[in-house]
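Input: a single structure, listed below in C-alpha cells.
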Ligand SMILES: CNc1ncnc2c1ncn2[C@@H]1O[C@H](COP(=O)(O)OP(=O)(O)OP(=O)(O)O)[C@@H](O)[C@H]1O
C-alpha cells in the first residue's frame, strides 16, 4: 500500500493508482502508476473489480482494480507516495478510504467486485453503497 503525500486522499493509506491518460488502457495505467509512485514493475496484474464513485453533484468516476502478486524492483518513496507493507490480517482501515472496508476483503478472498459508492461532494461521507461480487 502507499501513504499518499498529496492530492485527493492526502495522508490516507491507499493503493498506487491514478487517472488514465489519453490513449492508455486501465491496465496500462495501473502498471504505469505502480512504476511512477513506488518504482516497481508489477507482473501479470489481474483485474479484480470495477468501482463507481458518485458524488451528489453528479460527478461519476470509475476505478478499475488490479491485483498483482509479483513484481520486479524494490519499492521506494516518490513525490506522491510512501510505500508501506501491511498484513492482510491487520489492514489499516482506520486510515483508508471508507469504501475499502467493503470491497477490499472481497477482493482478498478472490472475488471479482462490482460496486457503486455514493459520496458527499467533499468526500467526507459515504451515503450509500451497493456491491455485487462473483
Ligand atoms: C473516494 N474513494 C476512494 N476509495 C478508494 N480508493 C480511492 C478512492 N479515491 C481514490 N482512490 C485511490 O487513489 C488512487 C488514485 O486516485 P486519484 O484521485 O486518481 O489520484 P492521483 O491524484 O494520484 O491521480 P494522478 O496520479 O494525478 O493521475 C486510486 O488508485 C485508489 O487507490
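Residue numbers (this note's numbering): 12 to 145.
C-beta atoms are modelled at their ideal positions from N, C-alpha and C, and glycine is treated no differently.
Any non-hydrogen atom of ligand 1 within 7 Å of residue i CB
i, result
"residue 91", "yes"
"residue 88", "no"
"residue 119", "no"
"residue 60", "no"
"residue 19", "yes"
"residue 132", "no"
"residue 16", "no"
"residue 111", "yes"
"residue 64", "yes"
"residue 30", "yes"
"residue 25", "yes"
"residue 96", "no"
Cβ-based burial, residue i [other Cβ within 10 Å; buried from 16]
i, result
"residue 48", "buried"
"residue 97", "exposed"
"residue 59", "buried"
"residue 124", "buried"
"residue 134", "exposed"
"residue 143", "exposed"
"residue 128", "buried"
"residue 130", "buried"
"residue 51", "buried"
"residue 44", "buried"
"residue 95", "exposed"
Span of the beta strand (DSSP E) around residue i
i, result
"residue 92", "92-94"
"residue 12", "Run containing residue 12: none; DSSP gives neither H nor E here."
"residue 18", "Here residue 18 belongs to no beta strand (DSSP E), and DSSP marks it neither H nor E."
"residue 89", "Element bounds for residue 89: n/a, residue is neither H nor E."
"residue 143", "137-144"
Residue range of the unbroken alpha helix (DSSP H) whose run includes residue i
i, result
"residue 48", "37-49"
"residue 118", "111-119"
Cβ-Cβ separation, residue j to residue i (assumed contact under 8 Å), whole Å
i, j, result
"residue 126", "residue 83", "So it is not a contact: roughly 30 Å between Cβ atoms."
Practice problem: Tell me, please, whether the segment 91-104 touches the segment 12-25 by the rule of three or more beta-carbon pairs shorter than 8 Å. | Solution: yes
Exercise. Answer yes if the segment 29-41 comes into contact with the segment 101-117, meaning at least three C-beta pairs across the two stretches below 8 Å, and no otherwise.
Key: no
Quiz item: Touch check for the segment 63-79 and the segment 36-55: three-plus C-beta pairs under 8 Å?
Solution: yes
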